[in-house]
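Position one of the sequence shown corresponds to residue 517 (the working numbering), numbered consecutively onward.
Here's the structure, in structure tokens; my notes come after.
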Amino acid sequence: MNLNAYLAATPGIVRPWIKCADGFTLSVQAGAAYPSSISWPYTTVCVGYPSEKPPTSWDGYYSKAQRWQDLGNDIYTNGVYDRVPIALVKALIDEHGGIGHVTMQQLRLI
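Right, dumping it as structure tokens:
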């Protein structure tokens, strides 16, 4: 499943976490609750709490306002990246082997 198919298949306010083929996880959110990405097809999304620090090219998207406590060295994995171009998110997911196998039924159960 690619990122656009995932976003289309999960139209709710809060989407389930994405788990990549290599175990990397991240939250990708878009839609009415996220003003930076209101209309489909999305050009930007909010990415939260990746299991590893994203590439340094993402540093400008990190939202310090979202950080609710001092997380020390974990700030880049315990925070939110706002208005990230969808192409960067796709590239990150691809680097981790793509979105792991998820059936439409499993998406509905989450």
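Beta carbons: idealized from backbone N, C-alpha and C, even for Gly.
When we look at the beta-carbon of Val-530 and count the other beta-carbons within 10 Å, is it buried (16 or more) or exposed? Counted from its first residue, the sequence shown places residue 530 at position 14. By the 10 Å Cβ count, Val-530 comes out exposed.
Return the first residue and the last residue of the beta strand (DSSP E) that Val-563 is part of. Counted from its first residue, the sequence shown places residue 563 at position 47. It spans 560–564 - the beta strand (DSSP E) in which Val-563 sits, taken as one unbroken run.
Beta-carbon within less than 7 Å of Asp-598's beta-carbon, same chain only, minus the 5 sequence neighbours each way: which residues are those? Position 82 of the sequence shown, counted from the first residue, corresponds to residue 598. The residues are Ser-552, Cys-562, Tyr-577 and Ser-579.
For Trp-533, verify whether its CB is less than 7 Å away from any heavy atom of the ligand ADP. In the structure shown, the ligand ADP is absent, as is every other ligand, since no ligand is present at all.
Compute the distance between the beta-carbons of Thr-593 and Pro-571, then report whether it is under 8 Å. For the purposes of this step, residue 593 is taken as the residue at position 77 of the sequence shown. For the purposes of this step, residue 571 is taken as the residue at position 55 of the sequence shown. It is not a contact, given that the beta carbons lie outside the stated cut-off.
Given Tyr-558, which residues of its chain have a CB within under 7 Å of its CB, disregarding the five upstream and five downstream residues? The residue labelled residue 558 in the question sits at position 42 within the sequence shown. Leu-523, Ala-546 and Ile-602.
Coil, strand or helix - Arg-583 by DSSP: Here the question's residue 583 lines up with position 67 in the sequence shown. Only weak support is given to the placement of Arg-583: the predicted model assigns it a pLDDT of 48, under 50, and the value that follows is read from those uncertain coordinates. It is coil, neither helix nor strand.
If you drop the 5 nearest sequence neighbours on each side, which residues of the same chain put their C-beta closer than 7 Å to that of Lys-606? Start at 1 with the first residue of the sequence shown, and residue 606 comes out as number 90. Counting only Cβ-Cβ distances below 7 Å, and skipping sequence neighbours, we find Leu-519.
By Cβ distance, which residues of its chain are closer than 6 Å to Thr-541, with the 5 residues on each side in sequence left out? Within the sequence shown, residue 541 is the residue found at index 25, counting from 1. Cβ neighbours of Thr-541 beyond the five flanking positions: Trp-533, Lys-535 and Ser-567.
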